[in-house]
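Some notes on the structure that comes next.
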Amino acid sequence: MPPTKKTFCWCFNGSANSVPEISYNVENGGMTLKKIELNIPMPETEEEVDRKFTELVDELGLDRLHRQAMFELPAEKKWQIYCSKKKLKEPNVSEVGNNIYTNNNNIMIRIQLIDSLRTALKTQTMSFVIRTSRDYFNVINSNNDRNDDDYDDDDDDDGNVGITHSVIGCIKALMNCKEGRSQVLSHPDGIKIITQNYYSPNQKTKMAVLEILGALCLVPGGHKKVLEAMNHLRDYIGERTRFQTFINDLDQTVRGDYNDCITFKTLIMSFINASLKYGDCETSIDLRLHLRYEYLMLGLIPTIEKLKKYANINLDRHINFFEMIRNEDEKSYAKKFDTIHIDSKSSTAMLELLKKKLMHSPSYYHLLSILFHLIQVTSGPPKSSSNIWRLIDMVVQQIAIQNKNGDPDVKVFDLDVKKLSKQLADESAFEEVSKKLKVTMKEVEDLTNKLNKKERECDIKSKEKEEIMQTLTKMRQKMEKDSQNCSTQLDNMAARIRELERLLSNERSQRTQLELAVNTGTSPSSPPRIKPHDDHKEHAPIPPPPPPPLCPPPPPLLATASNRAKLGRASSNSNYCNITGPIGSKLRNIPEASQAMKSFNWTKLADNKVDGTIWMGVDESNVYKAIDLDDFEKNFSAYQRQDINDVDQSQVGTITRQPIAKARELSVIDGRRAQNCTILLSKLKMTNQELATAILNVDEHEELPKDMCEQLLKFLPTPEETQMLEDHAAELEHMARADRFLLEMSRIDHYEQRLKALDCKKRFTERLTDVRQRISAVTTASNDVINSRKLKKILEVVLAVGNYMNRGQRGNAPGFKLSSLMRLADTKSSINKKVTLLHYLDDVIENKFPDLSSVEDEIKSVKDGAKVNLTELAEDMKMLKQGLKEIQQEISYHRRKNSSSDSDKFIEVMDGFIGVCEYSFSEVEESYREMLKEFAKAMTHFGEEEPEKGQPEVFFSIFDQFVTSLAEARSDNKRFRRIREEEMKRVRVEMQMRLDRESKEKARKLKNAADGEGEFDDLISALQTGEVFGDDIARIMKRKKKILNNNNNNNNNNNNNNNNNSDCKTAQRNNSNRERLNAILMGSK
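Numbering-wise, the sequence shown is residues 1 to 1085 according to full-length UniProt numbering.
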């Protein structure tokens, strides 16, 4: 069957045997362009022209500088270029044949077609390149298949080798743009297909593959792909280890063209350096050592010694870079083991190093175990032991290069640790151990809960003890002080008594003399007599006290709950019962229910308030006759029954076969309240008896958490609930849990007061500490703002700036309100709206008064002071005082009652508690009064009006917000300066780069247009010449020469400095190339 002709896919639509010719219009030795006729009308708006032109520029795939130049063209020129490009017909990809190799044995034509495709990939639009790259690797696969299966004679082999070389050239052209590189890297087998063509006998094909692989190591994401391709090449050609064929080719003697062979060896060395320098090797010294050791084990060092004999500049540059980086890594790694050098060729040296490192650690025994079992490995047959040694080597390599982010290198060995663990573990033993572990964990959890409970109890007791001891110490000091004062007063009083006794003795002697003078006759010189009137008054009897007041009238007779219960039971045999009430109330005839009923929560009107209302003429006795009381009792009975409709249909059979045990629960309180109370009791996990005991002994074992005390206060039994529950007290066993709880708690004497006292006791220390902290915060903040020197100086600066800005009535101010500080950010700069007066103030402080920048350190207490509200603080103080007062009243009540028992420890516990707390609270009250004085002083100090009405949260918030805003302004100023510096630096660099590159870009543009080269070709060229390693070489050489300078004398120092300068100049000459390569790499990202 004769072969059929197929059309070539990516470039041309003609027959595979027809090759298009490219012609140029040459006149008088120069090229002339035909005038383009604009058949397409130009859009009316320039925006439409720019939109279409942007699509065209995107298709051309230009770099940033050329795109900028294109967009700077006038609109007419843009439209002319757009129309000229639209006139060129892009090759129709849809008319492509399935495979250019099928039934087409004309090798030369195929080579020409592939070369034409290479030209098209460099000149056609981006959309064409993307569409072409999707199926391009099928071309290489089909070519490899034909090389392996279809051709046997030498001529055909040479032709297919030529096709392979042309195809690799197309791949290089394809990878010259970012989209093409992305397509190649995203192809699952793309890099592997390229790599396996290294096995071609054509040296130029090998060189092309090396150029691609070396450059891919520099591209983000390409390094790991290249290492995977090396593993694929090892399996493809049946090598023992990867990189083996590279080292063999590097070691071969030069044959054929000398320059080509040197270039080939340079490319291999550049690939080795690229694989060791970029990718994950750039940051991981472990991976660099791992890969470099692979090369060294293949005999790279002897090969390098041979290569040095060629004395080629580019080759020597790569060799020097390899040796310098190797020395750097080995020195750095040796420092981890506190040694100078690690001899990787000597097993004895490495074993000694491991021994030194692990001698005093638990890992040393594992090392001995490993060595012992390695000796056992050698006892087997040589062939099997060789495989085992290889397995051990692969496993250790895999472990050595692992890190927390996964393996940086592809896995040299697939180690499934989970699978090995499952094979080694005995499942039955594991289950038994797991059961024992669960039981043990449960016991540990129970013991931990008990321990936590005891620790909590001990902590509370310890805190109480510390507080009591502190209070006792303070009370002792106060009593000693009071005792001293009393002793002084007693001494003064004794002296006063002695003085009075002396005066009284004198008075008596004078009185005796006067009486004697009266009886015998008084001489003129006798002392005056005391008037009888005065003497009578002095010895007059004391009038009797007024009679005591009359006793108050007795209270009205009230029926107790027990009496009412007795009355109700006494009349239970009759159909109607008389409801007891206050004396004088009208008795109503109400039928008696046959069972306990739910309660209706209403508000009852008193009899004296019924007159003149609608209830005056209401008689409900007729209603009872109309109501079906039996049905009413069934629906609203206090006993809770399970509804048959609520039973699952699956249980119907069981219900019919077995007798139903009806659970009768009595519930008389509100349903929602009972439900919430039951939920609380379930969380409390205590019986009613345990809870009652805890209430009576004031929770001495700390069984009630603080929050539970607060919740229990929400479920205090009301008088109405207590009355209803007492009425059904005989049916206690049938009561619901909430009803039984409320009934049993209501029987505790003063249950509500006891619970409130217990809650106050548990929360008093916490609340008092919180109050004390807030008082301290306000006091400290007040003192800090008054005594802050830096704050005063800043206010002076603000006052100076304000008086300078303001004129007229607002100017010449002696001071200003603190609230004005918040308006500093409202005044914008006339030059830059982002800059405010606050930014300027910070700039002045930083430049003129730098010591004021730390003002927040002097008044850092204002942040806590701004959180205090005096109204809330006063309420908390009042609450604490009221709680202590109620506890004192409850203690007095129990003392008057004098009915204490062994289980009731209220007086015993609370008596000591109230003594300590009252003294602590008195101290807090004194601190509170002192705080108010200091705060008022602070407000007055800053000219605030009505200090007695001020709030710390308002006053101190001004300072807090001011220092915060000042810090933000300082950060903004730093950011503004950094932006300005970066902008100026960027402008300078761009101007310099633009001047330096303008001529180079024009020359490169013309050269690339003539040679068809792209950015990937630039990357390959820079890697081959070693320019990508220029910065690293200069850095290492500079460091080495600096070390030499420190060891030599002054003359040598001068010479070395000159050498350093020359090296720096060399590095600067390479900067432009280095920047160009970085631009390519950034474009790849």
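In this text, a Cβ means the ideal position worked out from N, Cα and C, and glycines have one as well.
The model shown is predicted, which means the values in this text are computed figures rather than measured ones.
Would you call the CB atoms of residue i and residue j closer than 7 Å?
i              : j                 : result
methionine 70  : valine 49         : no
alanine 938    : isoleucine 786    : yes
leucine 818    : isoleucine 958    : yes
leucine 233    : glutamine 203     : no
leucine 291    : leucine 276       : yes
isoleucine 845 : leucine 791       : no
isoleucine 193 : isoleucine 212    : no
isoleucine 319 : isoleucine 304    : yes
arginine 774   : leucine 873       : yes
aspartate 286  : isoleucine 401    : yes
alanine 781    : valine 909        : no
histidine 894  : phenylalanine 913 : no
Using the C-alpha atoms, what's the distance from residue j back to residue i?
i                 : j                 : result
residue 1099      : alanine 334       : Since the first residue shown for the chain is 1 and the last is 1085, residue 1099 is missing from the structure and cannot be characterised.
valine 963        : aspartate 851     : 15 Å
tryptophan 701    : glutamate 457     : The question names tryptophan, yet the displayed sequence has histidine at residue 701. Using only the alpha carbons, I get a separation of about 7 Å.
alanine 738       : aspartate 727     : 16 Å
residue 1094      : leucine 605       : Absent from the model: residue 1094. The displayed extent of the chain is 1 to 1085, so no value can be given.
leucine 296       : arginine 181      : 32 Å
valine 698        : aspartate 902     : 13 Å
tyrosine 364      : leucine 371       : 11 Å
serine 369        : lysine 683        : 56 Å
methionine 931    : methionine 708    : 34 Å
glycine 865       : glutamate 918     : 26 Å
lysine 265        : glycine 190       : 25 Å
lysine 881        : phenylalanine 921 : 8 Å
arginine 240      : alanine 349       : 27 Å
phenylalanine 764 : aspartate 459     : 15 Å
cysteine 83       : lysine 77         : 10 Å
arginine 502      : glutamate 515     : 20 Å
threonine 876     : alanine 626       : The residue you asked about is not threonine; residue 876 is aspartate in the sequence shown. C-alpha separation (whole angstroms): 58 Å.
glutamate 592     : glutamate 925     : 60 Å
arginine 807      : alanine 825       : 20 Å
threonine 263     : phenylalanine 976 : 52 Å
methionine 616    : asparagine 608    : 11 Å
lysine 714        : isoleucine 695    : 16 Å
DSSP on residue i, reduced to helix/strand/coil?
i              : result
threonine 871  : helix
proline 850    : helix
glutamate 953  : helix
lysine 828     : strand
isoleucine 590 : strand
methionine 597 : strand
threonine 512  : helix
threonine 473  : helix
glutamate 665  : strand
serine 682     : helix
methionine 735 : strand
proline 553    : Because proline 553 carries a pLDDT of 44, less than 50, the predicted location of this residue cannot be relied on, and no value is offered for it.
serine 637     : strand
aspartate 283  : According to the sequence provided, residue 283 is threonine. The question's aspartate does not apply to it. It is coil, neither helix nor strand.
threonine 687  : coil
threonine 940  : helix
Rank the options by C-alpha distance to the C-alpha of residue i and give the top, closest one.
i              : options                         : result
methionine 822 : Pro952, Asp286, Ala1022, Thr836 : Thr836
lysine 478     : Glu923, Glu948, Asp1018         : Glu923
proline 705    : Asp329, Gly221, Gln723, Leu755  : Leu755
residue 1088   : Arg242, Ile887, Thr779, Ala274  : A question about residue 1088 goes unanswered here, because the residues of the chain that appear run from 1 up to 1085.
glutamine 252  : Thr693, Ile268, Ile237, Gly238  : Ile268
serine 279     : Lys206, Phe243, Gln484, Leu216  : Correcting the residue type first, residue 279 is glycine in the shown sequence and not serine. Considering only alpha carbons, the answer is Leu216.
lysine 206     : Asn231, Lys178, Phe271, Leu227  : Phe271
Could you tell me if the beta carbon of residue i falls within a distance shorter than 6 Å of some heavy atom in the ligand HEM?
i             : result
threonine 164 : No copy of the ligand HEM appears in this structure; indeed no ligand is present at all.
Item to check | Whole alpha helix (DSSP H) elements within the stretch 161 to 197, 4-residue minimum | outcome: 178 to 186, 190 to 196
Item to check | 3 or more residues per run - each beta strand (DSSP E) lying fully within the stretch 333 to 358 | outcome: none
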